[in-house]
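Undergrad: In terms of our numbering, the sequence shown opens at residue 5 and continues consecutively. Shown below is the structure under consideration.
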Amino acid sequence: MKTKKNPDYVYAALAASLLLSSAIVPASAASADDLQRRVEQMESDLQLLMEELKQAKELAAAATQNATEAKAQAAAAERASGSGSSAAGTSWHLAGYADASFLISDADGQPDTFNSGKFNPAFHFMYQDFLLFSSEAQIVIDSAGKTEIELEYSRFDLFLNDYVTLVAGKYLSPVGLFKERLHPSWINRLPDSPAGFGHDGLQPDSDVGVQVRGGIPFGDSRFTYVLAAGNGPRINATGALNLEGFGADDNNNKSVSGRFGFLPVPYTEIGASFLTSTLKGANGTIPGALALTPTSGDFDLWGLDASYTRGSWDARVEYLNGTRGSISTAIPSTTTPGQTEVTALPDLELEAWYTQLAYRLSGVTNNQILGNFEPVLRYGQYSVSGLDTLRDEAAEKRFDVGLNYWVAPSVVLHNSIQWRDFDEAGKDTEQRIQFQFAYGF
């Protein structure tokens, strides 16, 4: 192995060589005085070279120190930004969102209240360029002050090629657009979900299983697809649907769902979704019935969506239609406390839709403050037929008028007025005023 020579010795050897060469010059070539002047000049040159060498070494040491400090600062900045490297080939990133809100309602028994909102940290771990693991938790405080933690999703994405990605784990449902793409509070244009797309709604929340998804370019257009198989939904004791991801299946039938999208131009998308599954009912017979109660029933869901997002415009419409066949369920006994009894449920038909329009005023003014405002309109409806308890609790028509102020691209103050007209007979309409501050990071 070659070693680098010390510059000090190099310069010293060079100087000695020059001195020696001068020393052997014949006396006839120069006088003693000339020789003395040459020696003094060479000594001066050697001293100058040594000083320059010293300065070069000091500059090199300073550069090394600066590089070390810069590296430390970069590492600190990387840690502060929530990203870094934990192992060879692995990089990670912390993201998520949080919000806080205030609600004013004219409904009986509904006090005006502050809500701490929710904190949703999301972690992303990338191995080289072909494997991504991502997970998001939701942390909220309930009305009793207790902290609740739920796993929103936890999934592996294996990038097989530019057009195919294999997904496994718990994932947000690909049915429709709102849940998978729009529900985070800093992305949603209003403080809550559209009618039928939130709690007790028709849009599936999540599932546990596998997906195949990707996109295929077609000239200036693009097709996207998602096909999924999972454990599927369940029914609860009242016969309503639990459309969320369960860690284990309660029958051998898997749900199949998906969405197909078409982007004729980059800012316009049209999509169609579906889900089909078999639900497990309760075993048993109903007193006075002539036949066994159906212990399973089919659930079929389909939907359409369209969106236009160009410049200051954000326009969307979604429609979902679902049908659950007749099925049995076990409800608390009305005669024997602590026991359950089997009851038959008729077909259940569900329908939910909304349309939404938002426009950022930066499209019509150069004023920095006015340009950050964004008016929003949304109208939606959720219809329930075949289950009175669910209809009375969730079926409604809802109209929202909002005005957002964008403090930053991922920091927004939502302000909205909402009118709710319920399907339950005799139930008064409700008016809400909501304020919400949301931050995506």
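We put the CB at the ideal spot given by N, CA and C, even for glycine.
1. Cα separation between Y157 and V214?
2. Flag this pair as yes or no: are the beta carbons of A316 and S366 separated by less than 7 angstroms?
3. Starting from T347 and walking both ways along the beta strand (DSSP E), at which residues does that stretch end?
4. Between A31 and the rest of its own chain, which residues show a CB-CB distance below 7 angstroms, the 5 nearest in sequence each way excluded?
5. Assuming A348 contacts A241 under a Cβ cut-off of 8 angstroms, what Cβ separation, rounded to an integer in Å, is found between them?
6. Report all residues from its chain with a CB closer than 6 angstroms to the CB of I220; omit the five preceding and five following residues, and keep chain order.
7. Shortest alpha-carbon distance to I108 belongs to which of L98, G100, N119?
8. So is S311 in contact with chain B if we call contact Cβ pairs under 7 angstroms?
9. Is it the case that the segment 91–105 contacts the segment 122–133, given that we only count it when at least three CB pairs across the two stretches are under 8 angstroms?
10. Determine the direct distance from the alpha carbon of V260 to that of T169, and round the result to whole angstroms.
11. Between the segment 201–211 and the segment 349–358, can you find at least three pairs of beta-carbon atoms closer than 8 angstroms?
12. How many angstroms separate the CA atom of S177 from the CA atom of F160?
13. Taking 8 angstroms as the limit between beta carbons, can you name the residues of its chain near T151, skipping five residues before and five after?
14. Using the rule of at least 16 other Cβ atoms within 10 Å of the residue's Cβ for burial, across every protein chain shown, is E400 buried or exposed?
15. When you compare each of A104, G307, L267, R328 to Q285 by their alpha carbons, which one comes out closest?
16. For E55, which three-state DSSP category applies?
17. Checking 7 angstroms against the spacing of the C-beta atoms, do D254 and T280 come in under that value?
18. Rounding to the nearest angstrom, what Cα-Cα distance links I421 and S147 in this structure?
19. With the cut-off set at 7 angstroms, would you say G249 and K174 are in Cβ contact?
20. Have a look at N124 and F441 and give me their C-alpha separation to the nearest angstrom.
21. Contact defined as beta carbons within less than 8 angstroms: I believe S332 pairs with V346. What is the distance between those atoms, to the nearest angstrom?
22. Along the chain, where does the beta strand (DSSP E) containing T282 start, and where does it finish?
23. Hey, D211 and G243: beta-carbon distance below 7 angstroms or not?
24. What's the C-alpha gap between N408 and I373?
25. Once you ignore the five residues that flank F222 on each side, which residues in its own chain have a CB closer than 7 angstroms to its CB?
26. So for E184, helix, strand or coil by DSSP?
27. Taking the beta strand (DSSP E) that D196 falls in, what are its first and last residues?
28. Can you list, in chain order, the residues of its chain whose CB lies under 6 angstroms from that of Y229, leaving out five sequence neighbours each side?
29. Could you check which residue in L194, R185, S138 has the C-alpha nearest to that of A172?
30. Return the CA-CA distance between A4 and Y386, expressed in angstroms with no decimal places.
TA: So, from the data block:
1. 13 angstroms
2. According to the sequence shown, residue 316 is Ser rather than Ala. It is a contact, given that the beta carbons lie within the stated cut-off.
3. Residues 344–349.
4. With a pLDDT of 44 at A31, under the threshold of 50, the predicted position of this residue should be treated as unreliable, though the coordinate-derived value follows. Answer for A31: no residue qualifies.
5. That pair is no contact at about 14 angstroms.
6. Y167, F227
7. N119
8. Checking the listed chains, one finds no chain B in this structure; it contains a single protein chain.
9. yes
10. Distance from the CA of T169 to the CA of V260, rounded to the nearest whole angstrom, comes to 17 angstroms.
11. yes
12. 15 angstroms
13. I143, V144, I145
14. buried
15. Just to set this straight, residue 285 is Gly in the shown sequence, not Gln. Nearest option by C-alpha distance: R328.
16. helix
17. Cβ distance not < 7 angstroms, so D254 and T280 don't count as in contact.
18. 23 angstroms
19. yes
20. 14 angstroms
21. 5 angstroms
22. In this chain, the beta strand (DSSP E) harbouring T282 covers 272–284.
23. no
24. Each residue's alpha carbon lies about 12 angstroms from the other.
25. none
26. DSSP places E184 in helix when its eight states are reduced to three.
27. That residue, D196, is in no beta strand (DSSP E); it is neither H nor E in DSSP.
28. F264
29. S138
30. Any answer about residue 4 is impossible in this case: the structure gives the chain only from 5 up to 445.
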